[in-house]
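> Here it is: the structure, laid out below.
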Amino acid sequence: MNKLAAICLLCTSALLAQGARQIVAEAENRSRSKSQQYQGTLEVIGASNKISLKRWEYRRIGSYGTSKSILRFTAPAEVKGVALLIVNHTDRASDQWMWTPSIERDRRIATQDRSTRFFGTDFSFEDLEERDVDQFDYKLAGDDRVDGAACWKIESKPKESKSSQYTSSLVWVRKDNFVVAQVEDYTKDKLIRGIHYSDIQNVDGIWTPRTVEVFDANRKSRTVLKLEKLEYNVPMKDEDFTIEALRH
Amino acid sequence: MIEKQGVGRWARALLPALICVSGAAQNFTQRGFIESDLDLYPESAPNDSSHAVDQCLFRYEASYRALSWLRFSAGLDARFDTHEEVERVAHLDWQDRTLLRPSLSLREFNATITRGKLTAEFGKQFIRWGKADILNPTDRFAPKDFLTVTDPDFLAVLATRVIYDTGSDSFDFVWQPRFTPSRTPLVNERWTVLPPPEEGLALVNLGSEFPGRSSFGARWNHVGSGYEFSASFYDGFNSLPVFQGGVNTRGTVIDYVTTYPALRLYGADAAVPLRWFTIKTEAAYYTSPDRQQDDYVIYVLQFERQIKEVAIVAGYAGDAITARTPTMQFSPELGFARAILAHAQYTIDSRRSVAADLAVRQNGRGSWLRAEYSQTFGQHWRATAGYSWIRGEDSDFLGQFHRNSFALLALRYSF
C-alpha cells in the first residue's frame with residue numbers, strides 16, 4: 001500500500017513538474033520575437049524616498065539564450081551615451097561590454113557577481129539576462145491571484161549547470177494570457193528581490209507588461225521601469241550588435 | 249601655418265551647420281558639461297609656489313546621423329584657468345601641438361561611414377586599443393595631455409580608420425597622416441621636477457621637431473567562447489618626446505629641443521572571464537628604428553572582480569629594457585611600470601560613489617594614492633572631492649612628485 005502511495009506521489013509530482021514546465025514554456029513561446037526595441041524610463045526610489053530618473057534605449061535581436069542586446073543611456077545628462085552590449089549564451093553567463101563616451105573606450109566588464117546592481121537601479125545584472133526555460137526545474141505550487149487575475153504559482157529552481165544568485169524563485173503566470181505577472185526571488189528562503197509586472201497590453205500580437213516594478217528587499221528600495229515606444233519584430237541587423245557598433 | 253588656417257576655417261564653417269540640424273531630433277544627439285576644477289597643493293615646489301589652481305572647462309559634443317550609413321561627430325572644448333596652463337589667445341586650435349592647452353579647441357571632428365561589416369572613420373578622432381584598465385601599452389594612437397601627470401586627458405588624432413567587424417573577429421587599420429604629440433608638463437610648473445644640479449637654471453625650449461611622415465597601425469581582435477584576444481602592430485612615432493640639448497656656454501640656461509623617436513611596436517592583449525574574476529593582460533614590445541630611445545617590453549597583468557557594489561581592478565605592470573640608448577625622455581608609461589596598480593569603486597547608491605586609485609612602485613621609492621567621493625544633485629549637477637597623495641624619492645618617476653600631493657574639488661553641470 002505504501003509502495004502504491006509512493007508511486008502515486010512520484011507520478012503526481014512528475015505530472016505537476018511537467019505541467020509547470022509546460023506553462024513556463026508556453027509563456028516563453030508566446031513572448032518570443034525576432035527583435036524588440038523600447039525606450040525605458042526608470043524611477044529609482046531609494047529607502048529615503050529620494051527619486052532619481054534614468055532613461056535608456058533598448059534594442060534586442062534574437063531571443064531566449066541566443067539574443068544580443070544594446071542598452072544605451074539617454075539620461076541623466078552625465079551618463080548620456082554610455083552603452084552596454086549583452087551577448088547571451090545558452091551554456092554560460094552572458095558576455096558584456098560597456099562603451100563609455102567620456103573616455104572613448106569599450107571595455108569588457110566583469111560580471112562574475114551578477115547580483116551586482118545595474119547602474120544604481122534595483123535590477124541586478126542577472127535580472128537583465130533572459131531566462132531560458134531549460135535552465136530551471138519547476139514545480140506547480142498552486143493557484144493564486146495577482147492584481148485580480150487568476151495565476152498559476154510556480155516554484156522554479158536553477159539547475160546545477162545554471163549559476164544564479166537565487167536558490168529559488170516563485171513565478172506567477174496569468175492563466176488568461178500566459179504573461180508573467182510577478183516574481184519573487186529567494187536565496188535560502190530569504191526574499192531578495194520582488195518583481196511586479198503590470199499595465200499589460202497587446203503589442204504587435206505579444207502580451208507585454210509595460211510597467212515593471214522591482215523591489216530590493218535588502219535595501220528597501222525600488223525601481224519602476226516604464227516601457228515606451230515598444231515594438232517587436234522590427235528589422236534589425238546582426239552587425240548592429242557588435243563591439244564596434246556599440247561605439248555608435 | 250597655411251594648412252592650419254585652412255582647416256580652421258573649414259571646421260568653423262561646418263560646426264554651426266552641424267549644431268543647427270537639431271531639428272532632426274532622432275538623428276541628432278548632443279551632450280556636454282561645464283566644470284570647475286580646483287586643485288589645492290599644500291606644498292610649494294622649487295619652480296612653482298602656487299597653492300591653488302582652478303580650471304574651467306566647457307565641453308560640447310554633437311553627433312548627427314545624416315544617412316543610415318553616414319554620421320558626423322564634433323566636439324569643442326573651451327577652457328580658462330588661473331595658472332596659465334591655458335593659452336590666453338582665443339583661436340580655434342585643431343592640432344593639439346601647443347605647449348599650453350588651447351583656450352578653444354576642436355576636440356574631435358569626424359565622419360563615419362558604415363556599410364554592413366565595414367566601418368570607415370575619417371577626421372580627428374579618438375582611437376583606443378588595448379584591454380587592460382590600469383595601463384595600456386598597446387594604445388599608440390592615444391596621445392595624452394600630461395600637464396597634471398597623475399590625471400592625464402586623452403587627445404584625439406587626425407586619422408583614417410577602417411574596421412571590418414564580423415562579430416567574432418575585427419580587423420582595424422589606422423593611417424595617421426599628421427602627428428599629434430602628447431602634451432608634457434610645463435617646465436616652469438610643479439609637474440616638471442629638475443634634478444638638483446639643474447634646479448637653479450633657466451630652461452629655454454627651442455622648439456619641437458615634429459615627424460614629417462605618417463604613422464600606420466593594424467590590429468586583429470578575436471572574441472571567442474569565454475575569451476578574447478588581439479594582436480597589434482604600429483609603425484610611427486612615440487608621442488612622448490626626447491629632450492635634446494644642454495647647458496649653454498654661460499652656464500645659466502639649458503637650451504633644448506623636443507624630438508619624437510621613431511617607434512615600431514608589436515603588441516598583444518587578452519581578456520578571459522573566469523568564475524571568480526576576469527583576467528586581462530596586455531604587452532607590447534617597442535623598438536626604435538633610429539635608435540633614439542630604448543627598446544623595451546611593457547606588460548600588464550590585471551585581475552578584475554565585482555563584488556556587490558564594489559568593483560576592484562588590481563594588477564602589476566612590468567617592463568624589461570632590451571637595448572639601452574642614453575636619452576632624456578619623459579615617459580610616464582615606464583614611470584608607472586614596475587608597479588602594483590589598482591582601482592576600486594564602491595557605489596553607495598544611485599547618487600553617491602567613492603573611488604580609489606593606487607600605484608606603488610616595487611622598489612618602494614614611489615607611491616600614489618587617490619581617493620575621491622562623488623555625489624550627484626538632481627539630474628545635472630555632480631560634485632567631487634578628493635585627495636591625491638604622492639610619496640617617494642626624487643630618483644623615482646612617481647616619487648619625484650612628492651611635493652605635488654593635492655586636494656581636488658570639482659563641480660560639474662552636465663547637459
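Protein sequence lines, in the order shown, are assigned to chains A and B.
Under our numbering, the first residue of the first sequence carries the number 1, and numbering increases by one thereafter.
Under our numbering, the first residue of the second sequence carries the number 249, and numbering increases by one thereafter.
Note that the Cβ used here is the ideal one computed from N, Cα and C, for glycine as well.
So which residues on chain A does I411 (chain B) lean against when the C-beta distance must stay under 9 Å?
One-based indexing of the second sequence puts residue 411 (chain B) at position 163. Near I411 (chain B) (Cβ distances below 9 Å), the residues of chain A are E244.
> With DSSP collapsed to three states, give me the class of E581 (chain B).
Indexing the second sequence from 1 puts residue 581 (chain B) at position 333. Note: E581 (chain B) maps to helix in three-state DSSP.
> Go ahead and label N486 (chain B) buried or exposed: buried means 16 or more other beta carbons lie within 10 angstroms of its beta carbon, across all protein chains shown.
By one-based count along the second sequence, residue 486 (chain B) stands at place 238. N486 (chain B) is buried by the Cβ-count criterion.
> Show which residues of chain E have a CB atom less than 8 Å away from the CB atom of F663 (chain B).
The chain labelled as chain E is not found among the protein chains of the depicted structure, namely A and B.
> Have a look at I596 (chain B) and Q554 (chain B) and give me their C-alpha separation to the nearest angstrom.
Here residue 596 (chain B) corresponds to residue number 348 of the second sequence, with the count starting at 1. Here residue 554 (chain B) corresponds to residue number 306 of the second sequence, with the count starting at 1. The straight-line gap from Cα to Cα measures roughly 14 Å.
> Alpha carbon to alpha carbon, what distance is there between E231 (chain A) and V171 (chain A)?
Taking the first residue of the first sequence as position 1, residue 171 (chain A) is located at position 171. Taking the first residue of the first sequence as position 1, residue 231 (chain A) is located at position 231. Cα-Cα distance, rounded: 25 Å.
> Looking only at C-alpha atoms, which of B:S351, B:H299, B:S292 sits nearest to F306 (chain B)?
The sequence position of residue 306 (chain B) within the second sequence is 58, counting from 1. The residue with the shortest Cα to Cα distance from F306 (chain B) is B:S351.
> DSSP state of G19 (chain A), grouped into three classes?
The residue labelled residue 19 (chain A) in the question sits at position 19 within the first sequence. In this structure, G19 (chain A) counts as helix in the three-state DSSP scheme.
> Could you tell me which chain B residues have their CB closer than 7 Å to the CB of R105 (chain A), listed as they occur along the chain?
Locating residue 105 (chain A) in the first sequence gives position 105, where the first residue counts as 1. R376, listed in chain order.
> Using a Cβ-Cβ cut-off of 7 Å, state whether S52 (chain A) counts as contacting chain B.
The residue given as residue 52 (chain A) occupies position 52 in the first sequence. Yes, S52 (chain A) lies at the interface with chain B (some Cβ there is under 7 Å from its Cβ).
> Put A366 (chain B) into one of helix, strand or coil per three-state DSSP.
To locate residue 366 (chain B), count along the second sequence from 1; it is residue 118. The question names Ala, but residue 366 (chain B) in the sequence shown is Leu. Here L366 (chain B) sits in strand by DSSP.
> What alpha helix (DSSP H) runs, 4 residues minimum, are completely inside the stretch 381 to 407 of chain B?
If we require 4 residues or more, the stretch 381 to 407 of chain B turns out to have no alpha helix (DSSP H) run fully inside it.
> In whole angstroms, what is the alpha-carbon distance linking E57 (chain A) and A75 (chain A)?
By 1-based counting over the first sequence, the position of residue 57 (chain A) is 57. By 1-based counting over the first sequence, the position of residue 75 (chain A) is 75. About 10 Å.
> Among B:A407, B:N611, B:G515, B:W629, which one has its Cα closest to the Cα of W468 (chain B)?
In the second sequence, counting from the first residue as 1, residue 468 (chain B) sits at position 220. The residue with the shortest Cα to Cα distance from W468 (chain B) is B:G515.
> Can you find a C-beta in chain B that's less than 7 Å from the C-beta of Q22 (chain A)?
Counting from 1 along the first sequence, the entry for residue 22 (chain A) is found at position 22. No, its Cβ sits nowhere closer than 7 Å to a Cβ of chain B.
> List, in order along the chain, the chain B residues whose C-beta lies closer than 9 Å to that of R222 (chain A)?
The count along the first sequence starts at 1 and reaches residue 222 (chain A) at position 222. Ordered by position in chain B, no residue passes the 9 Å Cβ test against R222 (chain A), which lies about 12 Å from the chain.
> Let me know if I51 (chain A) comes out buried or exposed under the rule of 16 or more other beta-carbons within 10 Å of its beta-carbon.
Within the first sequence, numbered from 1, the residue matching residue 51 (chain A) stands at position 51. Exposed is the call here.
> So the candidates are B:P537, B:V397, B:S579, B:S636; which of them puts its Cα closest to the Cα of V490 (chain B)?
On the second sequence, residue 490 (chain B) is found 242 positions in, with the first residue counted as 1. The option with the nearest alpha carbon to V490 (chain B) is B:S579.
> Would you verify that the beta carbon of S598 (chain B) is, or is not, closer than 7 Å to some beta carbon of chain A?
Residue mapping note: residue 598 (chain B) aligns to position 350 of the second sequence, counting from 1. Taking Cβ atoms only, chain A reaches closer than 7 Å to S598 (chain B), which makes this a yes.
> When you compare the CB positions of F281 (chain B) and R660 (chain B), do they come within less than 7 Å of one another, or not?
In the second sequence, counting from the first residue as 1, residue 281 (chain B) sits at position 33. In the second sequence, counting from the first residue as 1, residue 660 (chain B) sits at position 412. Yes, they are a contact pair.
> Shorter than 7 Å from the beta carbon of A519 (chain B) to some beta carbon of chain A?
Taking the second sequence and counting its residues from 1, one reaches residue 519 (chain B) at position 271. Chain A contact via Cβ: present.
> Note down the Cα distance separating S462 (chain B) from T277 (chain B), rounded to an integer number of angstroms.
Against the second sequence, residue 462 (chain B) aligns to sequence position 214. Against the second sequence, residue 277 (chain B) aligns to sequence position 29. About 33 Å.
> What would DSSP say about I596 (chain B), mapped onto helix, strand or coil?
Within the second sequence, the letter at position 348 stands for residue 596 (chain B). I596 (chain B) falls in the coil class under three-state DSSP.
> Got a sec: which bits of the stretch 636 to 654 of chain B sit with their beta carbon under 7 Å from any beta carbon on chain A, in order along the chain?
Flagged: no residues at all.
> If you drop the 5 nearest sequence neighbours on each side, which residues of the same chain put their C-beta closer than 8 Å to that of F211 (chain B)?
Outside the shown range of chain B (249 to 663) lies residue 211 (chain B), about which nothing can therefore be said.
> For I195 (chain A) versus V214 (chain A), is the C-beta spacing smaller than 7 Å?
Counting from one through the first sequence, the residue named residue 195 (chain A) turns up at place 195. Counting from one through the first sequence, the residue named residue 214 (chain A) turns up at place 214. In contact: I195 (chain A) and V214 (chain A) (Cβ atoms closer than 7 Å).
> Assuming E129 (chain A) and S94 (chain A) are in contact, meaning their beta carbons sit under 8 Å apart, how far apart are those beta carbons, in whole angstroms?
Here residue 129 (chain A) is taken as the residue at index 129 of the first sequence, counted from 1. Here residue 94 (chain A) is taken as the residue at index 94 of the first sequence, counted from 1. About 5 Å; that satisfies the 8 Å criterion.
> If we ignore side chains and look at the alpha-carbon of each, how far apart do L348 (chain B) and K68 (chain A) end up?
Numbered from its first residue, the second sequence carries residue 348 (chain B) at position 100. Numbered from its first residue, the first sequence carries residue 68 (chain A) at position 68. Each residue's alpha carbon lies about 45 Å from the other.
> Measure the alpha-carbon distance for R72 (chain A) versus L84 (chain A) and round it to whole angstroms.
In the first sequence, counting from the first residue as 1, residue 72 (chain A) sits at position 72. In the first sequence, counting from the first residue as 1, residue 84 (chain A) sits at position 84. Answer to the nearest angstrom: the Cα atoms are 6 Å apart.
> Decide if S662 (chain B) is buried, meaning its Cβ has at least 16 other Cβ atoms within 10 Å, or exposed.
As a position in the second sequence, residue 662 (chain B) is number 414, starting the count at 1. Under this definition S662 (chain B) is a buried residue.
> Just list the beta strand (DSSP E) runs in the stretch 97 to 164 of chain A, keeping only unbroken ones of 3 residues or longer that don't cross its boundaries, in chain order.
Complete beta strand (DSSP E) runs here, min 3: 105 to 108, 136 to 146, 149 to 158.
> Between the stretch 551 to 567 of chain B and chain A, which residues of the former have CB atoms less than 8 Å from a CB of the latter, in chain order?
From the stretch 551 to 567 of chain B, only E552, R553, Q554, I555, K556, E557, A559 have a Cβ closer than 8 Å to chain A.
> In whole angstroms, give me the CA-to-CA distance for L403 (chain B) and Q343 (chain B).
Locating residue 403 (chain B) in the second sequence gives position 155, counting from the first residue. Locating residue 343 (chain B) in the second sequence gives position 95, counting from the first residue. Rounded to the nearest angstrom, the two C-alpha atoms are 10 Å apart.
> Verify the CB distance criterion: does T116 (chain A) have a CB-CB separation below 7 Å to chain B?
The residue labelled residue 116 (chain A) in the question sits at position 116 within the first sequence. Answer yes: the Cβ-Cβ gap between T116 (chain A) and chain B drops below 7 Å somewhere.
> Going straight from the alpha carbon of A450 (chain B) to that of L488 (chain B), what length do you get?
Taking the first residue of the second sequence as 1, we reach residue 450 (chain B) at position 202. Taking the first residue of the second sequence as 1, we reach residue 488 (chain B) at position 240. For A450 (chain B) and L488 (chain B), the distance between alpha carbons rounds to 22 Å.
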